[in-house]
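Beneath this line is the structure, given in structure tokens, with notes to follow.
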């Protein structure tokens, strides 16, 4: 359970850092599952991964890959 | 491809400040030079190396900490490099990576350098994962070449390489802006408390604006007052609002129905522009680092603006009170500050907001006493008009910019 929580937190941090999730205006970053799913779908679509909206192994592996430090511009609107 | 900006000049200089320890210097230099060549092969840009002094594009390697870069790297793996968009020119590589050339091991310096130069020239990330400008490093490719999307993107910025284009005249450095009135308004008194705008600017300097003048606020006191146009050429006084974004390095000044954009003290091409998508005569503006957005405030409403993404302004303005608890309507200035708080200023008072954007206990407080280092005695003897000669006066012996830059920022008492 701890492992899962850590992976989820790391994924949220990644999605925030690279612009897939927007920091909330108020309060802590307790994202709703719909928000996370939406961000994960955008990331998966931009990474040409199966779009599930879930933090699956392929998505976690992609997030561990070395990359550029600049934000990504991908969201549902830009992908469309 | 995504476009983030472009250089107005076609002949650019670059300087390599240091090299990675994992490659022989000649190999590393050759990799970096080849990275420039990928781009100059397809667009009418030239790159000339300089060994000293200033350069348009500056390449360097740093690690987890750097006195010159606010974005620390994270050790081997993950983030490999980052770069600024035009016309800033910084290109930084993580010195903790195993930089290599000609091998599948480690990280190929030539390919990553070409990617970062793409950013420095104005390209954002491509959504083609095979493109050079894809965000994730795809590994070493012995026969690397630019993806058609990379070529289309860079040519959208600079055009195709052809003999006719190479001799194209340089674009005008600065657009014509209306002349600034030669008669400035009376020099204001910082102790009068009322302000047009406040801004936490580049290098952590806190700027206060009033009438035709600007000064910086520091722990030890105030800088001399300077005319606004002496620092930001072409900028009028009596501003409505000012905001600096560390995300883009852009400073926006608002007055009436116009907006000016500067990078440091240099006007960006095409500015000033007309404000079309938000109302004119703004009251205040500030950048909020927690969500990396710029907030524009007028009357009882606010607009939230993402500088690098399309913003749907049809949902704005929204009521200030829905987001900021306990602040006054029609503030005269606002800024977020180094301590993570947002400050609102109105008349002679200021309000401090916590990270939940609620006014903290004990506010409002006095601007003159807590920000401007004014003693109560000074307040008693200062005429209420506020246009008398202040204790800090214009020092004509020094460059205003030098003076401003030599002063460290300050916390309110």
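Chains as they are written, first to last, in the working numbering: chain C, 4 to 83; chain S, 1321 to 1733.
Note that the Cβ used here is the ideal one computed from N, Cα and C, for glycine as well.
(message) I need the straight-line Cα distance from residue 1569 (chain S) to residue 1529 (chain S), nearest angstrom please.
(response) Rounded to the nearest angstrom, the two C-alpha atoms are 19 Å apart.
(request) Could you tell me whether the region 1413 to 1427 of chain S touches the region 45 to 58 of chain C, using the rule of 3 or more Cβ pairs below 8 Å? (result) They do not touch, by the three-pair rule.
(message) When you compare the CB positions of residue 1614 (chain S) and residue 1599 (chain S), do they come within less than 8 Å of one another, or not?
(response) Taking C-beta atoms as the reference points, residue 1614 (chain S) and residue 1599 (chain S) fail to come closer than 8 Å.
(request) Have a look at residue 1607 (chain S) and residue 1518 (chain S) and give me their C-alpha separation to the nearest angstrom. (result) Using only the alpha carbons, I get a separation of about 12 Å.
(message) One question on the structure: do residue 1550 (chain S) and residue 1433 (chain S) come within less than 8 Å of each other, judged by their Cβ atoms?
(response) Against a cut-off of 8 Å, the Cβ pair of residue 1433 (chain S) and residue 1550 (chain S) comes out as no contact.
(request) Would you kindly report the start and end of the unbroken alpha helix (DSSP H) that includes residue 1621 (chain S)? (result) Residue 1621 (chain S): not part of any alpha helix (DSSP H); member of the beta strand (DSSP E) spanning 1621 to 1625, first to last residue.
(request) Reducing DSSP to helix, strand and coil, say where residue 1585 (chain S) ends up. (result) Note: residue 1585 (chain S) maps to coil in three-state DSSP.
(request) Indicate the three-state DSSP secondary structure (helix, strand or coil) for residue 71 (chain C) in the structure shown. (result) Looking at residue 71 (chain C) - three-state DSSP - the assignment turns out to be strand.
(message) Please identify, using Cβ separations under 9 Å, the residues of the region 38 to 70 of chain C that lie next to chain S, in order along the chain.
(response) So the list reads 48, 49, 50, 51, 65, 67, 68, 69, 70, given in the order they occur along the chain.
(request) Compare the C-beta of residue 1674 (chain S) with all C-beta atoms of chain C and state if any pair is closer than 8 Å. (result) Not closer than 8 Å to any Cβ of chain C, the Cβ of residue 1674 (chain S) fails to qualify, so no.
(request) Could you please tell me which residues of the region 1588 to 1602 of chain S, in chain order, have their CB closer than 9 Å to any CB of chain C? (result) Residues of the region 1588 to 1602 of chain S whose Cβ lies closer than 9 Å to any Cβ of chain C: none.
(request) Pick out the complete alpha helix (DSSP H) segments inside the region 1427 to 1451 of chain S, 4 residues or longer, and give them in chain order. (result) Listed in chain order, the complete alpha helix (DSSP H) runs (minimum 4 residues) inside the region 1427 to 1451 of chain S are 1429 to 1441.
(request) Would you tell me roughly how many angstroms separate the C-alpha atoms of residue 1676 (chain S) and residue 1564 (chain S), rounded to the nearest one? (result) If you take the alpha carbons of residue 1676 (chain S) and residue 1564 (chain S), they lie about 21 Å apart.
(request) Please state whether DSSP places residue 1390 (chain S) in a helix, a strand or coil. (result) In this structure, residue 1390 (chain S) counts as coil in the three-state DSSP scheme.
(message) Starting from residue 1348 (chain S), trace the alpha helix (DSSP H) in both directions and tell me its first and last residue.
(response) Its alpha helix (DSSP H) spans residues 1345 to 1360.
(request) Reducing DSSP to helix, strand and coil, say where residue 1718 (chain S) ends up. (result) In this prediction, residue 1718 (chain S) has a pLDDT of 39, which is less than 50 and means its spatial position is unreliable; nothing more can be read from the coordinates.
(request) Determine the direct distance from the alpha carbon of residue 1605 (chain S) to that of residue 1622 (chain S), and round the result to whole angstroms. (result) Computed Cα separation, rounded: 9 Å.
(request) Please name the residue or residues paired with residue 1368 (chain S) in a DSSP beta bridge. (result) Paired residue(s): S:1333.
(request) Provide the residue span of the beta strand (DSSP E) that contains residue 38 (chain C), from first to last. (result) For residue 38 (chain C), no beta strand (DSSP E) run applies; the uninterrupted alpha helix (DSSP H) run containing it begins and ends at 36 to 49, by DSSP.
(request) Mind checking the region 1380 to 1398 of chain S against chain C and listing, in chain order, the residues whose C-beta falls within less than 7 Å of any C-beta there? (result) Taking 7 Å as the cut-off between beta carbons, the residues of the region 1380 to 1398 of chain S near chain C are 1391, 1397, 1398, in sequence order.
(message) Could you give the first and the last residue of the continuous beta strand (DSSP E) run that contains residue 1403 (chain S)?
(response) Start and end: 1399 to 1403.
(request) Assign residue 1509 (chain S) to one of two classes, buried (16 or more other C-beta atoms within 10 Å of its C-beta) or exposed (fewer than that). (result) Classification for residue 1509 (chain S): buried.
(message) Strictly below 9 Å CB to CB, what residues from chain S border residue 11 (chain C)?
(response) Going along chain S, no residue has its Cβ under 9 Å from residue 11 (chain C), so there is no contact; the nearest lies around 18 Å.
(message) If distances are taken between C-alpha atoms only, which option among S:1552, S:1547, S:1521 comes closest to residue 1537 (chain S)?
(response) For the residues S:1552, S:1547, S:1521, the minimum Cα distance to residue 1537 (chain S) belongs to S:1521.
(request) Let me know if residue 1344 (chain S) comes out buried or exposed under the rule of 16 or more other beta-carbons within 10 Å of its beta-carbon. (result) Under this definition residue 1344 (chain S) is an exposed residue.
(request) Would you tell me roughly how many angstroms separate the C-alpha atoms of residue 45 (chain C) and residue 1334 (chain S), rounded to the nearest one? (result) Distance between the alpha carbons of residue 45 (chain C) and residue 1334 (chain S): 36 Å.
(message) Closest to residue 1656 (chain S) by C-alpha separation, out of S:1358, S:1610, S:1633, would be which residue?
(response) Nearest to residue 1656 (chain S) by alpha-carbon distance, out of S:1358, S:1610, S:1633, is S:1610.
(message) By DSSP's criteria, residue 1565 (chain S) is part of a beta bridge. Which residues make up the other side?
(response) In the DSSP assignment, residue 1565 (chain S) is bridged to S:1570.
(message) So, with DSSP's three-state summary, where would you put residue 1540 (chain S)?
(response) DSSP places residue 1540 (chain S) in coil when its eight states are reduced to three.
(request) Counting only the same chain and skipping the five closest in sequence on each side, list residues whose C-beta sits under 6 Å from that of residue 1708 (chain S). (result) Any reading at residue 1708 (chain S) is ruled out, since the residue's pLDDT is 31, under 50, leaving its predicted position unreliable.
(request) Would you mind stating whether residue 1479 (chain S) and residue 1324 (chain S) have Cβ atoms separated by less than 8 Å? (result) Annotated as distal: residue 1479 (chain S) and residue 1324 (chain S), with beta-carbon spacing of 8 Å or more.
(request) Compute the distance between the beta-carbons of residue 1337 (chain S) and residue 1380 (chain S), then report whether it is under 8 Å. (result) It is a contact, given that the beta carbons lie within the stated cut-off.
(message) Quick check on the DSSP output: the alpha helix (DSSP H) that includes residue 1527 (chain S) runs from which residue to which?
(response) No alpha helix (DSSP H) holds residue 1527 (chain S); the beta strand (DSSP E) holding it covers 1526 to 1530.
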